[in-house]
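Respectively, the protein sequence lines represent chains A and B. Just so you know, we're using UniProt numbering here: the first sequence kicks off at 1 and counts up by one. Just so you know, we're using UniProt numbering here: the second sequence kicks off at 1 and counts up by one. For every residue, glycine included, the Cβ atom is placed at its ideal position computed from N, Cα and C. In this text the structure is predicted, and so the values were computed from the model without any measurement. Working notes for the structure below.
Number of protein chains: 2
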Amino acid sequence: MDDVRSRTTLEDVARVAGVSRATASRAVRGGELVSPVALEAVRRAVEQLGYVPNPAARSLVTRQTDTLAVVVPEDDARVFSDPFIAQAIGGVAEALAHTPKQLVLLMRARGQENDRLLPYLRGGHVDGIVVLSHHRDDHLERELAALHLPLAFIGRPLEPQLAVPYVDVDNVAGGRLAAEHLLAAGARRLATISGPLDMPAAVDRITGWSEALAEAGVTEVARYEGDFTLVRGEELGARLLAEHPEVDGVFAANDLTAAGVLHAARAAGRSVPRTLRLVGYDDTQLGLTTHPQLTSITNPGRDLARRATRMVLDQLAGQPAPPPIIITPVLVERASG
Amino acid sequence: MDDVRSRTTLEDVARVAGVSRATASRAVRGGELVSPVALEAVRRAVEQLGYVPNPAARSLVTRQTDTLAVVVPEDDARVFSDPFIAQAIGGVAEALAHTPKQLVLLMRARGQENDRLLPYLRGGHVDGIVVLSHHRDDHLERELAALHLPLAFIGRPLEPQLAVPYVDVDNVAGGRLAAEHLLAAGARRLATISGPLDMPAAVDRITGWSEALAEAGVTEVARYEGDFTLVRGEELGARLLAEHPEVDGVFAANDLTAAGVLHAARAAGRSVPRTLRLVGYDDTQLGLTTHPQLTSITNPGRDLARRATRMVLDQLAGQPAPPPIIITPVLVERASG
DNA sequence: CTGAAAGCGCTTACAG
DNA sequence: CTGAAAGCGCTTACAG
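Structure below.
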């Protein structure tokens, strides 16, 4: 029977195998301290009965759920439209592929706060947590640190004093790279469409960008705060080109925003990169499908996620909270700037 | 304490509230058959202790997990790049937002089979299942029907005799719409880049397309089997334009494929829609961000998913398996064809 | 290596 | 409306 409702229990297996429940339990879990004969008998009984352990019963005693949560405090529309987020989730899935852990993706329901997320996590449904795309106001560091579960952030947490483990790319360096590249290409009337300033990645990229411009003695033509979406990138791109037609170089906070700017540029009759140089961020697949292809700064979501997941797995194995890992980005030059 | 490790139990709550564990349990679950006084006392104790019920213990007796699975037998790269899949998952999330159920997304790990999925589902981790993007070879209908869990497919199942509940769009009608539209626009040298033919949606679209062409007495110039991805759409689009430059109308099996064809057309110096008319499928956001925007057939993923989820929820509430729901698509005309 | 027994933290008839 | 008791299906010292 595959029927979940009338499940066979360990008791049944033990009876059929002619051993005690304790021995059956040991055998089912791999055979530590079990004689070859008993092991084989149990194996046969499991096979014959189609036995599958009841995870609730097991969790109740082991206090382990074999489940790891990926928390993305964004609504599904964002989660499923941002290639960086997609890469990162894929990276977690990959890191978990050879473990018995299942990935559970937790995001915000449309228009809802995080108030469904936290009770779920507090409820003890998961053994560990990887967080990405966190914002200042969600106070996720504090809320999650208080759970005392193995935890890792992708992207610098906003409250460093909590010493939450994390992996990140050096976004200040990334912002610098964008500025230096546009300056080296001869652009002097520079503008940026940033990410949402309640996110550390957005803030850091702006910081590096501003520092590099200041050092070069160049003043920004304009700066707009975007939200890492294509639609907003297009809106702000259009506004930028209307209000500051003299602009000759744009740093878009991510590839999605850059793709929006590209649309706006086409609509405004601007030629990229001839009269407008454009640099994106994240170096995603998206940048290969635009025309022209996007010059972009690397932000290896898959790799970051793999490392963050390993951090969680290591803590689960009893290791102490690891120090942060910071990856240095590089600029990948393509046609847009 | 928020600490998950040293959790307070119902026992503690009962003691502090001065009632029995049974009464505490009733009070915690909403107060049926509990006096106002006891209810209030328990409420206060819960508050004071920060009590959160242990889901494993609860599941063990109720045999409910308050979890609903969305099964997408594709690897993460596909799941996170196809806007139709994204919409559908969002629709499930939306339908669940006002229930106590959590959504668990189960996909295939890269390069793996479904052999991690099934044991998980069999293990009794979830109360119900919504499936989408199924293929012939995964035999998911049979495997999942054998679980006897509330179930619904988005998209016609491949084995109708199992009578699995499902919602679908009339893809045969959709294929017809594409053909009729291109013919009405005057295109006569028609080709299609289909979806993978192990998927019912792909097969049905081709069926409708072929029927309409046959009725009009028009013979296809070429047909290629794609896989619903942009990259493959671009490859096959390039091949089509090279091998059959006379083609003047293309039906791409989804918007992702159509976007790929658009790239190929640009690379080949073809002007859409002037010398090449193009119709996509799914009517996704993507079609609004291409240039020109895509004419497309509607495939309301969000709505389909909401309905499928409701089917599962209804079965969970004891209702019998519902009959299929079939939605009729329409063609949305934009600039591409 | 094995088994009897206790216990994980809940819910749910049942008797009152 | 309330509480004592049984039981959900496992794991894990413990004694042998």
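Does the CB of A152 (chain A) have a neighbour CB from chain B at under 7 Å? Residue contact check for A152 (chain A) against chain B: no CB pair falls below 7 Å.
Identify every run of the alpha helix (DSSP H) within the stretch 122-174 of chain B, keeping only runs that are complete inside it and at least 4 residues long; order them along the chain. Fully enclosed alpha helix (DSSP H) runs of 4 or longer: 140-145.
Assuming V231 (chain B) and A191 (chain B) are in contact, meaning their beta carbons sit under 8 Å apart, how far apart are those beta carbons, in whole angstroms? With 8 Å as the limit, V231 (chain B) and A191 (chain B) do not qualify as a contact, their Cβ atoms being about 19 Å apart.
Less than 7 Å between the beta carbons of G174 (chain A) and R136 (chain A), yes or no? No, Cβ-Cβ distance for G174 (chain A) and R136 (chain A) is not below 7 Å.
Enumerate in chain order the residues of its own chain whose CB-to-CB distance from P320 (chain B) is below 8 Å, with the five nearest sequence positions on each side excluded. Closer than 8 Å at Cβ, skipping near neighbours: no residue.
Compute the distance between the beta-carbons of G124 (chain A) and V172 (chain A), then report whether it is under 7 Å. Contact flag unset, no.
Would you mind sorting G128 (chain A) into buried or exposed? The rule is 16 or more other CB atoms within 10 Å of its CB. Flag for G128 (chain A) reads buried.
Return no unless some Cβ of chain B is closer than 7 Å to the Cβ of L241 (chain A). Proximity of L241 (chain A) to chain B, defined by a Cβ-Cβ separation below 7 Å, is not satisfied.
Quick check on DSSP: helix, strand or coil for A251 (chain B)? Rather than Ala, the amino acid found at residue 251 (chain B) in this sequence is Phe. If DSSP states are grouped into helix, strand and coil, F251 (chain B) belongs with the strands.
Could you spell out where the beta strand (DSSP E) holding A317 (chain A) opens and where it closes? If you look at A317 (chain A), you'll find it isn't in any beta strand (DSSP E); DSSP assigns it neither H nor E.
Three or more C-beta pairs below 8 Å linking the stretch 275-295 of chain B and the stretch 62-72 of chain B: By the Cβ rule, the stretch 275-295 of chain B does not count as touching the stretch 62-72 of chain B, because fewer than three pairs are nearer than 8 Å.
Determine whether the beta carbon atoms of V312 (chain B) and V167 (chain B) lie at a separation below 7 Å. Not a contact, by the Cβ cut-off of 7 Å.
Tell me whether T328 (chain B) is buried or exposed, calling it buried when 16 or more other Cβ atoms sit within 10 Å of its Cβ. Exposed, since its Cβ has fewer than 16 Cβ neighbours within 10 Å.
Skipping 5 residues on each side, what residues in its chain have a beta carbon closer than 8 Å to that of L10 (chain A)? Hits under 8 Å: R21, A24, S25, V28, Y51, P53.
Could one say the Cβ of A185 (chain B) lies closer than 7 Å to chain A's Cβ atoms, at least one of them? Output row for A185 (chain B): interface = no.
Which residues in chain A sit within 9 Å of Q112 (chain B), going by Cβ to Cβ distance? Going along chain A in sequence order, the residues near Q112 (chain B) (Cβ under 9 Å) are A97.
Do Q285 (chain A) and the ligand ADP come close, with the Cβ less than 6 Å from some heavy atom? Only the bare structure without any ligand can be found here, which leaves the ligand ADP out of the picture.
Residue-chain proximity (V52 (chain A), chain B), Cβ-Cβ < 7 Å: With 7 Å as the cut-off, V52 (chain A) counts as an interface residue toward chain B.
Where does R5 (chain A) sit, in a helix, a strand or coil, going by DSSP? Below a pLDDT of 50, predicted positions are generally treated as unreliable, and R5 (chain A), at 47, falls in that range; the measurement from the model is reported next regardless. Of the three classes helix, strand and coil, the one that applies to R5 (chain A) here is coil, per DSSP.
Contact defined as beta carbons within less than 8 Å: I believe A212 (chain A) pairs with E180 (chain A). What is the distance between those atoms, to the nearest angstrom? Yes, A212 (chain A) and E180 (chain A) are in contact; Cβ-Cβ is about 6 Å, under 8 Å.
Ignoring anything shorter than 3 residues, give me the beta strand (DSSP E) runs that lie fully in the stretch 204-232 of chain B, in order along the chain. Scanning the stretch 204-232 of chain B for uninterrupted beta strand (DSSP E) segments of 3 residues or longer gives 222-225, listed from N- to C-terminal end.
Less than 8 Å between the CB atoms is what I'm expecting for A13 (chain B) and V42 (chain B), so what's the real figure, rounded? It is worth fixing the name first, because residue 13 (chain B) is Val in this sequence and not Ala. The beta carbons of V13 (chain B) and V42 (chain B) sit about 6 Å from each other, so the pair counts as a contact at 8 Å.
Closer than 8 Å by C-beta to E243 (chain A): which residues in its own chain qualify, once you throw out the five before and the five after it? Chain order, please. In the same chain as E243 (chain A), and ignoring 5 residues on each side of it, the C-beta atoms closer than 8 Å to its own belong to A222, in chain order.
Any residues in the stretch 274-308 of chain A with a beta carbon nearer than 8 Å to a beta carbon of chain B? Which ones, in chain order? Cβ contacts with chain B come from Q285, T289, H291.
Would you mind telling me which residues of chain A sit closer than 8 Å to S81 (chain B), beta carbon to beta carbon, in chain order? By Cβ distance, chain A contributes P83, A86, Q285.
Flag Y224 (chain B) as yes if its beta-carbon sits less than 7 Å from any beta-carbon of chain A, otherwise no. Judged by the 7 Å Cβ criterion, Y224 (chain B) is not in contact with chain A.
For the stretch 158-186 of chain A, list every residue whose C-beta sits within 8 Å of some C-beta in chain B, in sequence order. Using a CB distance below 8 Å, no part of the stretch 158-186 of chain A faces chain B.
Entirely within the stretch 258-291 of chain A and at least 3 residues each: give me those beta strand (DSSP E) ranges in chain order. The qualifying runs are 277-282.
For Q315 (chain A), go through chain B and note every residue whose CB falls closer than 7 Å to its CB, in chain order. Those within 7 Å of Q315 (chain A) in chain B number zero; the least Cβ separation is about 13 Å.
Check the C-beta distance from Q285 (chain B) over to S336 (chain B) and give it rounded, since I have them as a contact under 8 Å. Not confirmed; about 15 Å, so no contact.
DSSP state of E11 (chain B), grouped into three classes? E11 (chain B) falls in the helix class under three-state DSSP.
Please work out which residues of its chain come closer than 7 Å, Cβ to Cβ, to V79 (chain A), disregarding the five sequence neighbours upstream and downstream, and give them in chain order. Cβ neighbours of V79 (chain A) beyond the five flanking positions: V72, I85, M107.
Give every residue of the same chain whose Cβ lies closer than 7 Å to the Cβ of S133 (chain B), excluding the five residues on either side of it in the sequence, and list them in chain order. The residues are V72, P73, E74, I85.
Beta carbon of T289 (chain B), beta carbon of I193 (chain B): below 7 Å? In this structure, T289 (chain B) sits away from I193 (chain B), with a CB-CB distance that is not shorter than 7 Å.
What three-state label does DSSP hand Q112 (chain B) in the structure shown? Correct three-state label for Q112 (chain B): coil.
Pick from A:L149, A:I325, A:A93, A:V218: whose alpha carbon is nearest that of L316 (chain A)? The shortest Cα separation from L316 (chain A) among A:L149, A:I325, A:A93, A:V218 belongs to A:L149.
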